[in-house]
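Visitor: A single structure is presented below for examination.
In the working numbering, the protein residues as written are 1153 to 1498.
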């Protein structure tokens, strides 16, 4: 456990177990220097506790960096629930998780993530006020996440492909969940040519027919000749096995932790594929939750989310000037902001 904490620089890792409901959950707090740690809750059938531990720590680190680069008064945290293998009462499970969140007394704010739905957050909200994005909260972060990724794609395609719009741009989208599906619709409306995939093939094929897109299997998506590849599923899909198969000029996605390791950023750079850091692209949802919490309206949220384009432009300029990958440049910028916050607090 301590090896994972040291590798990700996570400050706290809390374990929760409730034999009555079957809850086995982890909550990681990477940093609270800038404010309470905000991060979603995943509920997935992890193969073991080690896999869950690695995932939650890496995700918490990404949330800290995401908040820092977005200029938000928030820290980074994350929660994972190891989904019970046996039949379980889902409402009771998430109520139990809500009590776990409440025990941290507002130092961690939870929200929706992979494997959780609004209905789950509604159960969490019966046990704690430290939850965002439930049905009574009046905010769905997914459209704002999609808007941020869309904005990042505009910046990247103009820089790498000298494109002023998306008409005829061939985009391969991996994953058609809340954000991937919305991105596919936005890009189709903008005139892009789409190739899409999802593990739920029936869902993917229906959307492909609706958008006049091509549908391929989850494995075939890596070899689609395209202008832009967009990872919008779970993390780790860019790795030594998949990167050599890619036939794309740029990668801009919504998924968290797209790179399996830091070395993969260099491998992409060696192939002259422009990779924009995931926690820069997908900060729109976090921005929406943070500003909604501060009672800002949707117009203000959209304006702040579109600022992702400016952040990305500066980052890419600095990375090129210093001769480093955009991923490394983003890490340096986020770490500097966290360091400055610590120095200011001292």
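For every residue, glycine included, the Cβ atom is placed at its ideal position computed from N, Cα and C. Predicted model, so just to flag it, every value in this text is computed and none were measured.
#1: Is it buried or exposed for residue 1268, if we count other Cβ within 10 angstroms and need 16 for buried?
#2: Check whether the region 1369–1381 touches the region 1297–1314, taking contact to mean three or more Cβ pairs, one atom from each stretch, closer than 8 Å.
#3: For residue 1160 and residue 1401, I'd like the C-alpha separation in whole angstroms.
#4: Kindly indicate which three-state DSSP category residue 1194 falls into: helix, strand or coil?
#5: Rounded to whole angstroms, what's the CA-CA distance from residue 1459 to residue 1432? Just pull it up for me.
#6: Would residue 1218 be called buried (16 or more neighbouring beta carbons within 10 Å of its own) or exposed?
#7: I think residue 1180 touches residue 1229, with their Cβ atoms under 8 Å apart; what is that distance to the nearest whole Å?
#8: Of all the alpha helix (DSSP H) runs that stay within the bounds of the region 1248–1331, which reach a length of 4 or more residues?
#9: In or out: residue 1414 buried (at least 16 other Cβ within 10 Å) or exposed?
#10: Suppose the cutoff is 6 Å on Cβ atoms and the five residues either side in sequence are ignored; what does the same chain contact list for residue 1307 look like?
#11: To which residues of the same chain is residue 1220 closer than 7 Å at the C-beta, ignoring the five residues directly before and after it?
#12: Kindly provide the ranges of any beta strand (DSSP E) runs that are 3 or more residues long and lie completely inside the region 1343–1381, ordered along the chain.
#13: Alpha carbon to alpha carbon, what distance is there between residue 1292 and residue 1272?
#14: Out of 1357, 1156 and 1323, which has the shortest C-alpha to C-alpha gap to residue 1212?
#15: Please classify residue 1455: is it buried, with 16 or more other beta-carbons within 10 angstroms of its beta-carbon, or exposed?
#16: List the endpoints of the continuous alpha helix (DSSP H) containing residue 1445.
#17: Fully enclosed by the region 1397–1476, which alpha helix (DSSP H) runs are 4 residues long or longer?
#18: For residue 1148 versus residue 1452, is the C-beta spacing smaller than 7 Å?
#19: Please say whether residue 1436 and residue 1300 have beta carbons closer to each other than 7 Å?
#20: What does a CB cutoff of less than 6 Å around residue 1250 pick up in its chain, not counting 5 residues either side in sequence?
#21: Quick one: Cα of residue 1320 to Cα of residue 1339, how far?
#22: Helix, strand or coil for residue 1232, going by three-state DSSP, please let me know.
#23: Would you mind listing the beta strand (DSSP E) stretches within the region 1162–1227 that are 3+ residues and don't spill past its ends, in chain order?
#24: From the DSSP output, in three-state form, read off residue 1392 for me.
#25: Got a sec? Which residues, its chain only, sit under 7 Å from residue 1375 by beta carbon, not counting five neighbours each side?
#26: Relative to the alpha-carbon of residue 1425, which residue among 1325, 1404, 1385 and 1481 has its alpha-carbon at the smallest distance?
#27: Identify the residues that DSSP records as bridge partners of residue 1383: which are they?
#28: Smallest Cα separation from residue 1354: which of 1343, 1346, 1370 and 1342?
#29: Shortest alpha-carbon distance to residue 1175 belongs to which of 1209, 1238 and 1182?
#30: What is the DSSP secondary structure of residue 1239, reduced to helix, strand or coil?
#31: By how many angstroms is the C-alpha of residue 1408 removed from the C-alpha of residue 1393?
#32: Report all residues from its chain with a CB closer than 7 Å to the CB of residue 1305; omit the five preceding and five following residues, and keep chain order.
#33: To the nearest angstrom, how far is it from the Cα of residue 1316 to the Cα of residue 1344?
#34: Could you compute how far the alpha carbon of residue 1248 sits from the alpha carbon of residue 1288?
#35: In whole angstroms, what is the alpha-carbon distance linking residue 1333 and residue 1385?
#36: Using the rule of at least 16 other Cβ atoms within 10 Å of the residue's Cβ for burial, across every protein chain shown, is residue 1450 buried or exposed?
Guide: To lay it out plainly:
#1: buried
#2: yes
#3: Whole-angstrom Cα-Cα distance: 30 Å.
#4: strand
#5: 10 Å
#6: buried
#7: 6 Å
#8: 1270–1277 and 1294–1313
#9: exposed
#10: 1461, 1464 and 1465
#11: 1186, 1486, 1489 and 1490
#12: Taken in chain order, the unbroken stretches of beta strand (DSSP E) that lie wholly in the region 1343–1381 and span 3 residues or more are 1345–1349.
#13: 14 Å
#14: 1156
#15: exposed
#16: Looking at the DSSP string, the run of the alpha helix (DSSP H) that includes residue 1445 is 1436–1445.
#17: 1415–1422, 1430–1433, 1436–1445, 1450–1458 and 1460–1474
#18: As displayed, the chain neither begins before 1153 nor continues past 1498, which places residue 1148 out of reach and without an answer.
#19: yes
#20: 1276, 1279 and 1280
#21: 10 Å
#22: strand
#23: Fully enclosed beta strand (DSSP E) runs of 3 or longer: 1164–1170, 1175–1183 and 1193–1196.
#24: DSSP places residue 1392 in coil when its eight states are reduced to three.
#25: 1397 and 1399
#26: 1404
#27: DSSP, once it has assigned bridges, lists 1326 as partnering residue 1383.
#28: Answer by Cα proximity: 1370.
#29: Comparing alpha-carbon positions, the option among 1209, 1238 and 1182 lying closest to residue 1175 turns out to be 1238.
#30: DSSP places residue 1239 in the coil class of the three-state scheme, outside both helix and strand.
#31: 19 Å
#32: Closer than 7 Å at Cβ, skipping near neighbours: 1380 and 1404.
#33: 12 Å
#34: Going from the Cα of residue 1248 to the Cα of residue 1288 covers about 19 Å.
#35: 11 Å
#36: exposed
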